[in-house]
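A.B. asks: Here numbering that gives the first Met the number 0 is used: the first residue of the sequence shown is 0, the next is one more, and so on. Pasting in a structure now, in structure tokens, and then I'll have a few things to ask.
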Amino acid sequence: MVKLNILFIINPISGGKDKLRIPDLIDANLDRLKFNANFAFTEYIGHASEIAEEAANKSFDVIVAVGGDGTINEIANKVMQQNKILGVLPFGSGNGLARFLKIPMETAKAIKVINNCKVTVIDTGTFNEKSFFNMAGMGFDAHISSVFAGNKGRGLSGYMKLGLKEVLNYKPQSYRLVIDGQEYLRTAFLISIANSSQYGNNAHIAPTASVSDGLLDVCIVKEFPIYKLPVLAYEMLSAKTDRSNLVEIIKGKNIRIFRASEDAIHIDGEPFFMGTEIAVAVKPLSLNIITPDYET
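Below is the structure:
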């Protein structure tokens, strides 16, 4: 049997979890009859992308993101460009894409998924040419990502506390959307463009989303009184937003979003600033990723 060369790119700070033992755990569970394993730790923002690009240009067949959705984004970009195979060991705060793909949160079990090496081809999206793999958006969640950017070490609880503080002062914005030629005028608390169904931690904004249907789900969270925030949280955690009076979901391929001024956006949870016009598109079946044996 010809062994595959596999590189594990480990983000030591994602999710606030210690990963120094990850190489030992991989050594104990990885099928060495199938793989030649190598390891690399990231040292700064963007380093995962640099390592992945170098690895993809060399003899590595499989490149594994050990981290959260942001780490996956950096690595998957290079994997997709070089038509390599992506693996995931979930170690983020939310792990939205991994949870949607049913990749186990327990590391030893996730390594066994890699051992089986079942490759699924999934859709990806672009936000003004920046690729995303799970979720991108604007409005309140992008605002929180931007404010929280310098405080990654506080973890999920800190993120939630900050969100509850900021939601009291956040003002919904006006948007014009053109989705596959149809125009929509909306005032929205946030707009999420979903490839998978969830942000992470099983908070589903797009319960009927598929990563293999050639469509993106445009999720418009409407302006709502603050006392309905628990209702929205319940609907997300119970995957019922497609039946919600607070959320409108429109599926599409080519999407343009217009807003009054430059502002924050997020791409797989990482904050950026973009201008008043944002072009969104789907790239059908463009990423090879190892998943459990199930249908997406």
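For each residue, glycine too, the CB sits at the ideal point set by N, CA and C. Quantities reported herein were computed from a predicted structural model and do not represent experimental measurements.
Check each candidate in 23, 56, 21, 71 and name the one with the smallest Cα separation from residue 44.
C.D. replies: Within the sequence shown, the letter at position 45 stands for residue 44. Residue 44 has its Cα closest to that of 71, out of 23, 56, 21, 71.
A.B. asks: On the three-state DSSP scale, how would you describe residue 3?
C.D. replies: Here residue 3 is taken as the residue at index 4 of the sequence shown, counted from 1. In the structure shown, residue 3 sits in a strand (DSSP, three-state: E or B).
A.B. asks: Go to residue 233, then tell me how far its alpha helix (DSSP H) extends in each direction, as first and last residue.
C.D. replies: Position 234 of the sequence shown, counting from 1, holds the residue named residue 233. Run containing residue 233: 228-236, per the alpha helix (DSSP H) assignment.
A.B. asks: Along the alpha helix (DSSP H) that carries residue 95, what are the first and last residues, could you check?
C.D. replies: Translated into the one-based positions of the sequence shown, residue 95 becomes position 96. From DSSP, the alpha helix (DSSP H) with residue 95 extends over 95-99.
A.B. asks: Less than 8 Å between the C-beta atoms of residue 107 and residue 28, yes or no?
C.D. replies: Counting from one through the sequence shown, the residue named residue 107 turns up at place 108. Counting from one through the sequence shown, the residue named residue 28 turns up at place 29. It is a contact, given that the beta carbons lie within the stated cut-off.
A.B. asks: Which partner residues does residue 250 have in the DSSP bridge list?
C.D. replies: Mapped onto the sequence shown, residue 250 falls at position 251. 216, per the DSSP bridge assignment.
A.B. asks: So, helix, strand or coil for residue 132, using DSSP?
C.D. replies: For the purposes of this step, residue 132 is taken as residue 133 along the sequence shown, with counting starting at 1. In the structure shown, residue 132 sits in coil (DSSP, three-state: anything other than H, G, I, E or B).
A.B. asks: Could you compute how far the alpha carbon of residue 235 sits from the alpha carbon of residue 256?
C.D. replies: Walking along the sequence shown from the start, residue 235 turns up at place 236. Walking along the sequence shown from the start, residue 256 turns up at place 257. Distance between the alpha carbons of residue 235 and residue 256: 24 Å.
A.B. asks: Of the residues 20, 10, 32, which one's Cα is nearest the Cα of residue 48?
C.D. replies: The residue you call residue 48 lines up with position 49 of the sequence shown. For the residues 20, 10, 32, the minimum Cα distance to residue 48 belongs to 10.
A.B. asks: Could you check the C-alpha separation between residue 56 and residue 140 for me, to the nearest Å?
C.D. replies: The residue you call residue 56 lines up with position 57 of the sequence shown. The residue you call residue 140 lines up with position 141 of the sequence shown. Taking the straight line from one Cα to the other gives about 35 Å.
A.B. asks: Taking the alpha-carbon of residue 178 as reference, which of 172, 168, 192 has the nearest alpha-carbon?
C.D. replies: Position 179 of the sequence shown, counted from the first residue, corresponds to residue 178. When each option's Cα is compared against that of residue 178, the closest is 192.
A.B. asks: Please state whether the Cβ-Cβ distance between residue 211 and residue 121 is less than 8 Å.
C.D. replies: In the sequence shown, counting from the first residue as 1, residue 211 sits at position 212. In the sequence shown, counting from the first residue as 1, residue 121 sits at position 122. Their beta carbons are under 8 Å apart, which means residue 211 touches residue 121 by this criterion.
A.B. asks: If we ignore side chains and look at the alpha-carbon of each, how far apart do residue 4 and residue 99 end up?
C.D. replies: By 1-based counting over the sequence shown, the position of residue 4 is 5. By 1-based counting over the sequence shown, the position of residue 99 is 100. Approximately 26 Å between the Cα atoms of the pair.
A.B. asks: Measure from the alpha carbon of residue 170 to the alpha carbon of each residue in 30, 187, 23, 260, then state which is nearest.
C.D. replies: Along the sequence shown, read from residue 1 onward, the residue named residue 170 stands at position 171. Measuring from the Cα of residue 170, the nearest candidate turns out to be 187.
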